[in-house]
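Undergrad: Numbering follows UniProt numbering, with no gaps: position 194 of the sequence shown is 194.
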Amino acid sequence: MNPQLIMDGLIAGSMIGLGAIGITLTYSILRFANFAHGEMISWGAYFALAASGLIGSLSGALLAPIGPFSFGWSLPLGIVAAMALTAGLALLVDALLFGPLRKRRSAIIIMVMASFGASLALRSTLEFIFTSKPAYFSKALQIALPLGGGLRATPDQLLSLAAAATLVLAVHIMLTRTAIGRSMRAVSENQQLAGVVGVDVRQVIRTVWVLGAALACIAGAMAGLLVQIRPYMGLDLLLPLFAAAILGGIGSVPGAMLAGLIVGIAEALGVQVIGAEWRAAVAFVILVAVLLLRPQGLFGRAE
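#1: Using CA atoms only, rank isn't needed, just tell me which of Ala45, Pro68, Asp236, Ala107 is closest to Ala84.
#2: Can you give the Cα-Cα distance for Trp209 and Met174, rounded to whole angstroms?
#3: Counting Cβ pairs closer than 8 Å, one from the segment 161-172 and one from the segment 212-221, do we hit at least three?
#4: Going by the DSSP bridge assignment, what does Ala135 pair with across the sheet?
#5: Classify Gly248 as helix, strand or coil using the three-state DSSP reduction.
#6: Can you tell me where the beta strand (DSSP E) with Arg146 in it begins and where it stops?
#7: Looking at the secondary structure, which residues open and close the alpha helix (DSSP H) in which Ala153 lies?
#8: Under 6 Å Cβ to Cβ from Pro155, same chain only, skipping five residues before and after it: list those, please.
#9: Give every residue of the same chain whose Cβ lies closer than 6 Å to the Cβ of Ala140, excluding the five residues on either side of it in the sequence, and list them in chain order.
#10: Excluding the five sequence neighbours on either side, which residues of its own chain have a C-beta within less than 8 Å of the C-beta of Leu239, listed in chain order?
#11: Around the C-beta of Ser132, are 16 or more other C-beta atoms found within 10 angstroms, so that it is buried, or is it exposed?
#12: Select from Gly150, Val253, Lys103 the residue whose C-alpha is nearest the C-alpha of Gly297.
#13: Whose CA, out of Gly17, Met40, Gly255, Ser52, lies closest to the CA of Ala87?
#14: Please classify Pro231: is it buried, with 16 or more other beta-carbons within 10 angstroms of its beta-carbon, or exposed?
#15: Going by DSSP in three states, Gly72 sits in which element: helix, strand or coil?
#16: Between which two residues does the alpha helix (DSSP H) harbouring Trp43 extend?
#17: Can you tell me which of Gly260, Gly13, Gly99 puts its alpha carbon nearest to the alpha carbon of Arg202?
#18: Taking the alpha-carbon positions, what's the Glu267 to Val197 distance?
#19: For the alpha helix (DSSP H) holding Leu25, just list the boundary residues, first then last.
#20: Under 7 Å between the Cβ atoms of Pro3 and Leu151?
#21: With a Cβ-Cβ cutoff of 7 Å, do Phe116 and Phe35 count as a contact?
#22: Name the two residues that bound the continuous alpha helix (DSSP H) containing Pro254.
#23: Closer than 8 Å by C-beta to Ala223: which residues in its own chain qualify, once you throw out the five before and the five after it? Chain order, please.
Here's what the structure looks like:
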């Protein structure tokens with residue numbers, strides 16, 4: 001086995017893991033599978049592209065590459081702006097679609113179908129605005145650095161791995177050590193009871209949308225930096241996102257990231273063994289196997 005496949009799988013898995021955190025938090029709090037979450041990855045990437053381009057046009061000095069990386073300060077600043085824009089988009093979708101459905105106490109299947117419709121609308125709008133032509137943050141070529149053991153990675157890839165690990169740790173600390181994190185866990189256990197004891201359920205729901213969208217935005221920006229940006233990039237990642245969220249255990253942030261890495265490595269190995277055209281099948285097989293053998297996932301609790 002080529003050891004470089006492990007590195008490629010870890011890089012892809014870090015993006016999957018960040019996106020899966022939003023899936024697992026949404027499901028644990030709102031109790032439905034949000035198919036529109038993949039589009040937050042796409043919208044976040046395009047928001048970052050537009051914001052970084054605008055910032056770079058205002059100050060050319062911000063376009064100069066930072067050290068060994070392929071991008072300048074315009075990209076980090078653009079990602080920060082894109083996180084806010086993506087969070088605003090998620091809150092808008094909730095206010096226009098999911099919020100009214102919750103007030104009517106709509107069935108879970110209706111929420112799921114509504115998220116599917118929102119996904120189609122968001123993707124079509126994105127394609128209409130930006131066209132289906134691939135876009136790039138930077139076309140600069142980077143030389144992969146030897147890491148030992150036959151592993152190689154570019155500075156951008158190493159930065160993405162470090163950023164993903166840092167974000168997962170930060171989110172885990174937020175959920176376990178802060179008041180809003182405790183409120184989120186309380187709502188996840190029992191929304192009605194949490195409301196009775198004084199937890200602001202609306203604030204928790206808004207926090208979940210903002211947090212999930214911000215992480216999806218970063219995952220989209222990472223994918224755009226390392227590969228390319230396309231309107232269908234979120235759709236392509238949707239099945240691996242759900243596979244990682246379920247494998248890690250609903251509600252577990254470290255579990256979502258670990259499972260994302262597992263799915264990424266499995267896909268990389270699958271590409272080598274059976275071909276790139278079967279990449280999506282690998283995530284599907286993992287998803288089915290987990291549902292049949294261990295529905296609660298690696299770190300979830302059996303209900």
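Idealized CB from N, CA, C, for every residue including glycine.
TA: From the atom records:
#1: Comparing Cα-Cα distances from Ala84 to each of Ala45, Pro68, Asp236, Ala107, the minimum goes to Ala45.
#2: Whole-angstrom Cα-Cα distance: 15 Å.
#3: yes
#4: Ala135 is bridged to Ile229.
#5: Reduced to three states, the DSSP call for Gly248 is helix.
#6: Sequence inspection shows Pro at residue 146; the Arg mentioned does not correspond to that position. Element bounds for Pro146: 145-148.
#7: Residue range 151-153 is occupied by the beta strand (DSSP E) that includes Ala153, with no alpha helix (DSSP H) assigned at that position.
#8: So the qualifying residues of the chain are Pro68, Phe69.
#9: Ser70
#10: Once the five neighbours on either side are set aside, the close Cβ partners of Leu239 are Ala280, Ala283, Phe284, Leu287.
#11: The residue in question, Ser132, is exposed, as its Cβ has fewer than 16 Cβ neighbours within 10 Å.
#12: Val253
#13: Met40
#14: Buried, since its Cβ has 16 or more Cβ neighbours within 10 Å.
#15: coil
#16: 37-58
#17: Gly99
#18: 45 Å
#19: Looking at the DSSP string, the run of the alpha helix (DSSP H) that includes Leu25 is 4-30.
#20: Yes. Within cutoff.
#21: Contact flag set, yes.
#22: Annotation for Pro254: the continuous alpha helix (DSSP H) segment containing it runs 253-274.
#23: Met15, Ile41, Ala45, Ile229, Met233, Leu237
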